[in-house]
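Chains as they are written, first to last, in the numbering used here: chain C, 93 to 422; chain W, 32 to 795.
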């Protein structure tokens, strides 16, 4: 399969990249998402703006105050192997092997993973198989083939990095034509499957800032998949726990569900339920049940929505247990 | 059996190993020719529609387009496994019958232009009601996929031996179960590809990814209306076939037709997505099976009703259905058997042969049901198998004659494996992980003799430095037969494997051959190679006898030396002998010729199913251990053991590769692989969502032999790697049964099925 025709530019600065943006141009980092979509004619940008020449998007820095600053062009393999990440946030490097396969980890970037387009097995079909179907909402049409009566796109954000980074309180920097803003990663997602993040066409994700983690905290990301490699998540669960080690009470708790809808879901209720409490199996079960209410997978992946929903509870409990491992007393 | 082989039975690296591992090997899609055009195929977007009109004018006017062809440019040939009932045009004629059916083909100066041209071909369709469910297809009022086939039955069988009804009455235990298997794909990594070049003298040269090039040789002549002598089919390296590359397809035909029309070479390479939605699949089946046993576990009768979803065309389906039914008679003694089979047309991808060809489906049902019966009767699954196992010199009621047979030994060895595994099982694990061990057994054909051409041929040329060129008509589609055949030639001639050069199929030069299917190449072509090597050896022995002043019968050939039996010092080197033979007197042109087919077999009558398919049969027992996670419902195969009678292996290393591939493929069939369709449209046409197991999903596989020496097979060899596939699926299903007490009757067994069944079970 060949790529559709496009113009290719490779600017050396962020400002240069942004100024080259015009209608129907696309930024490219690792290309593991975009090139596949282009080969299937799901995406046909007229211009491809390569970000790989912009060296200051490829740095990882650490300072005590801000924590880790990760350039979006850092590949997943670099993230896994970086000594700063290994030292300050080992949990983050351990996520990388869960993503796709080594070849794609070598090419794919952390920024690209956050900016991954939402997926739906109707939308992602090769163009030929979509021919006699009305274009769906995500393809610019008026219908959803999954939820036939709905007027909302249910394509699933299927990145593995967002949920864990959100649980860790990550902020992102967005650079636009005239201004730069910083916001919490949880505000980065739009809630729409049509375009899962809030980036405007002339904006770039330029920094990923993961704050230093309290020593009394634990963290876990669990991924549901049917093969031990390659697969996108059918469900992702990230858990962050900060415990008061003296009394075993929960100082802070964050639970994120991923791959059950167009955006990762922050289960706010879970935080409220957990704060100030001791972790008991009963409480974990209540939290898991509460979270399950927030998950609304639909029939748009090659696995049943019922199964994915069923697994929310199971994976949450596994993730909490894993996050608690550092606190052997509990 | 002769000891001290130099080549046979050794763990020798494959002759094509280095060039394949380094990427140097050229596959059909890698080939190109000066002036070559690129072709693309326009496919039907409808599962069922009448073609009213095709207007290709706009496409033809697109700059860079050289030709467009449709069914109207053909002589209307229709292919089919039974030629008189051919129903599949290479480009659609009056109707399209599934989403992906080839409608037109374009040749252009590059792929992009060809793709663009497809968009400009205007096809006017009249949509017809489609039927995608095989059971619904058999209703009287269902739309007809082919007008000639009432109730959409493309082929049916009714095989009956003994008296089933009477036998059931005498049984102590009878059970009936309903099984289903899904549509799965061959999963070869190299997509279909073809390069055709038509020259001005009217001859066609063709290079294609065909596992049985002589299928294409014959059908190309028929479809183009030209004589065989004008066709040359050349086989490049093949990146896997598994039964899905036997037949000629639209891509092969269109490249030839477009080349004829343009006078230029034309290459067509289809995408992996097209392979997954527009080409062949394994028959999905619905199997109702009733089995009756005596109290002691003796199997008395089996009555089966099989519906096989054949998809849009006949393909090789008659044979598939016969195999599904007749293999209920193997590998256990079965005095009374009845099998009614219906192969049904639907508006989906056509079904054909795939590793095990029909047998894995029905044996899955039979083997799982056997464990269920054993469980309820309080019998050990291994004992019940041992009790009923066929042995040497037995004949099945349909007429399969068993000769060499290490089946009983394989079950006994399997029992030992199970005992060992149960002992070394880790104790205190996660309470949500349930472990189980299951078994499946098989018997399989070794080069079936069927109606039509069966003979394999081989030609050997000896070079003056002692090197050997070997040609056969057989294709190594990845299974390693080039290596096995070269080893046979080397051993007979007393040279080493590295002295043999294997020439791939070129129909101008190599002997005509049926193809690579039915586990026939090592066994049948191997015998032809043996005969050819003996032929040239005898020619050389005459010369050696004169030179060494001995009787030709006493001349021995071994490890590049030729000597008199009993006096190894009375000898000369093999190259020296060749030179003497070629240079002295009138000189000899050293060519060995051999051909072979299993003879004296009663060829199977497809109507009655009676006859003996194969000169010998392979047997074996597969043991699998699984872990079922009762929280996630996921089952994981953690180890497997294969105990198997493949005769005497020619090359153990190659054989192990075959067995491992078969085992891991079986894991996919049982647990993850399934083509998902909505309204006839494939929803997962990529290896991302069509989940074949990867290296990380593989498990440890122990390979143990209970080998026999087959008197007919070359150096005692039988088949390896295809038969075992039959037993992999039931062994995993039975292992899950052992782990959680639930016998699953539908594959693939998804995690949700496991969770639901566990809930049902605890609810009871």
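Each residue gets a CB set at the ideal place from its N, CA and C atoms; glycine is no exception.
With a Cβ-Cβ cutoff of 8 Å, do residue i and residue j count as a contact?
i: residue 645(W); j: residue 480(W); result: yes
i: residue 758(W); j: residue 436(W); result: no
i: residue 70(W); j: residue 298(W); result: yes
i: residue 625(W); j: residue 561(W); result: yes
i: residue 352(W); j: residue 359(W); result: no
i: residue 536(W); j: residue 266(W); result: yes
i: residue 300(C); j: residue 202(C); result: yes
i: residue 121(C); j: residue 189(C); result: no
i: residue 538(W); j: residue 291(W); result: no
i: residue 413(W); j: residue 449(W); result: yes
i: residue 134(C); j: residue 302(C); result: no
i: residue 339(W); j: residue 382(W); result: yes
i: residue 187(W); j: residue 372(W); result: yes
For residue i and chain W, any beta-carbon pair shorter than 8 Å?
i: residue 403(C); result: yes
i: residue 422(C); result: With a pLDDT of only 44 at residue 422(C), under 50, the local geometry of the prediction cannot be trusted, and the value read off the model is given with reservation. Chain W contact via Cβ: absent.
i: residue 351(C); result: no
i: residue 233(C); result: no
i: residue 320(C); result: yes
i: residue 242(C); result: no
i: residue 136(C); result: no
i: residue 313(C); result: no
When the cut-off is 8 Å and only beta carbons count, does residue i lie next to chain C?
i: residue 33(W); result: Per-residue confidence for residue 33(W) stands at a pLDDT of 48, beneath the threshold of 50, marking its modelled position as unreliable; the derived number appears in the next sentence. Answer no: the Cβ-Cβ gap between residue 33(W) and chain C never drops below 8 Å.
i: residue 462(W); result: no
i: residue 648(W); result: no
i: residue 143(W); result: yes
i: residue 77(W); result: yes
i: residue 268(W); result: no
i: residue 129(W); result: no
i: residue 663(W); result: yes
i: residue 714(W); result: yes
Tell me the rounded alpha-carbon separation between residue i and residue j.
i: residue 668(W); j: residue 684(W); result: 23 Å
i: residue 694(W); j: residue 756(W); result: 6 Å
i: residue 393(C); j: residue 251(C); result: 14 Å
i: residue 354(C); j: residue 390(C); result: 11 Å
i: residue 589(W); j: residue 567(W); result: 15 Å
i: residue 124(W); j: residue 157(W); result: 14 Å
i: residue 521(W); j: residue 732(W); result: 30 Å
i: residue 213(C); j: residue 714(W); result: 6 Å
i: residue 91(W); j: residue 97(W); result: 7 Å
i: residue 7(W); j: residue 488(W); result: Nothing can be reported for residue 7(W): it is not among the residues displayed for chain W, which extend from 32 to 795.
i: residue 117(W); j: residue 183(W); result: 15 Å
i: residue 357(C); j: residue 403(C); result: 15 Å
i: residue 110(W); j: residue 248(C); result: 43 Å
i: residue 257(C); j: residue 412(C); result: 16 Å
So, helix, strand or coil for residue i, using DSSP?
i: residue 247(W); result: helix
i: residue 641(W); result: coil
i: residue 713(W); result: strand
i: residue 289(C); result: strand
i: residue 225(C); result: coil
i: residue 210(W); result: strand
i: residue 789(W); result: helix
i: residue 266(W); result: coil
i: residue 566(W); result: helix
With a 10 Å radius around its C-beta and 16 neighbouring C-beta atoms as the bar for buried, classify residue i as buried or exposed.
i: residue 304(W); result: buried
i: residue 310(W); result: buried
i: residue 181(W); result: exposed
i: residue 630(W); result: exposed
i: residue 276(C); result: exposed
i: residue 195(C); result: exposed
i: residue 101(C); result: exposed
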